[in-house]
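Numbered continuously in the working numbering, the sequence shown closes out at residue 240. Using N, Cα and C, we set each Cβ at its ideal position, and we do this for glycine too. These figures come from a predicted structure and were not determined experimentally. Here the structure comes first, spelled out in structure tokens, and everything after it is commentary.
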Amino acid sequence: RLVADLITEAGANRVLCVDLHAGQIQGFFRIPMDHLYAGPLIAEHLTTIGLVDGGTCVVSPDVGGVARARALAEMLGTSIAIIAKRRPEANKVEIMEIIGDVRGKRCVMIDDMIDTGGSIVHGAEALMERGAAAVVACCTHPVLSTGAIERIAASPIQQLVTTDTIPFKETRHIEEGHVKLLSVAPLLADAIKRIHKDESVSQMFADWNGR
């Protein structure tokens with residue numbers, strides 16, 4: 030709430046955010062706030078590289094991310110699976126079961142952010158153990174604390190698809206193909222244009238879903 034108040038007191042009269050980790054943050058602002066989603070950018074990239082067909086399955090790395098995974102699956106027209114896990118302690122993950130059929134599928138794991146990489150790596154290992162053909166990981170915010178990108182590069186994950194909402198300095202991993210970095214600039218530019226022209230911002234996503 031303090032940060033929201035500081036932004037407002039600094040003179041902002043509208044705020045654009047991308048994939049809030051907690052949707053309740055919207056309620057902290059006393060000015061209009063538009064919540065944008067990077068899902069369409071990720072979906073467009075996956076479609077462009079030919080990763081999407083009947084053998085593709087979108088996977089939520091936990092029960093809390095089911096809505097996000099379902100939205101991406103609907104955009105891509107694929108099936109969905111869910112990894113049920115528990116955390117016995119901080120930064121420790123234990124996979125309990127995988128809900129859905131992943132055998133022989135190219136699995137696309139989707140999350141809002143990746144920090145240590147532990148959850149996404151353990152999830153990828155579990156998917157491969159259950160017979161998945163390949164695993165690609167996607168997220169909006171690449172927090173990637175120390176050692177995370179190396180952990181992901183050494184895992185069964187073929188590639189991490191993420192965006193530039195957070196500066197990504199590990200250019201070597203981009204050059205080697207471990208990471209694909211997507212720009213959110215077109216997303217923000219479209220939203221700003223719509224606001225300037227007094228058009229609906231939410232229609233951006235309705236337009237994409239209608240393709």
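Paired residues, beta bridge with residue i - DSSP
| i | result |
| --- | --- |
| P171 | I143 |
| V213 | Paired residues: none, contrary to the question. |
| V137 | V87, V165 |
| R115 | E123 |
| A110 | V88 |
| V230 | V230 pairs with nothing; no bridge assigned. |
| V208 | L189 |
| I128 | I111 |
First and last residue of the uninterrupted beta strand (DSSP E) at residue i
| i | result |
| --- | --- |
| H25 | No answer is possible for residue 25: the residues shown for the chain start at 30 and end at 240. |
| L189 | 186-192 |
| V44 | 44-47 |
Status (buried if at least 16 other CB within 10 Å, exposed otherwise) for residue i
| i | result |
| --- | --- |
| L189 | buried |
| I203 | exposed |
| S229 | exposed |
| T77 | exposed |
| G148 | Per the sequence presented here, residue 148 reads as Ser, with Gly not at that position. So S148 ends up on the buried side. |
| M233 | buried |
| A214 | exposed |
| I60 | exposed |
| D227 | exposed |
| A39 | exposed |
| L216 | buried |
Check whether residue i and residue j have beta carbons under 7 Å apart
| i | j | result |
| --- | --- | --- |
| M1 | V88 | With the chain running from 30 to 240 in the structure shown, residue 1 is simply not present. |
| R99 | I112 | no |
| A166 | I195 | no |
| A177 | T200 | no |
| L105 | A72 | yes |
| L156 | V150 | no |
| M62 | Q53 | no |
| A153 | S174 | no |
| T244 | A67 | Here the chain has residues from 30 to 240 only, and residue 244 is not among them. |
| K134 | G84 | yes |
| K114 | D130 | no |
| A220 | L65 | yes |
| L211 | F197 | no |
| A96 | F58 | no |
| C136 | C86 | yes |
| D140 | G93 | no |
Residue i, enclosing alpha helix (DSSP H) - first and last residue
| i | result |
| --- | --- |
| R97 | 95-105 |
| A72 | 68-77 |
| R30 | Careful: R30 lies outside any alpha helix (DSSP H) and carries neither H nor E. |
| I178 | 177-182 |
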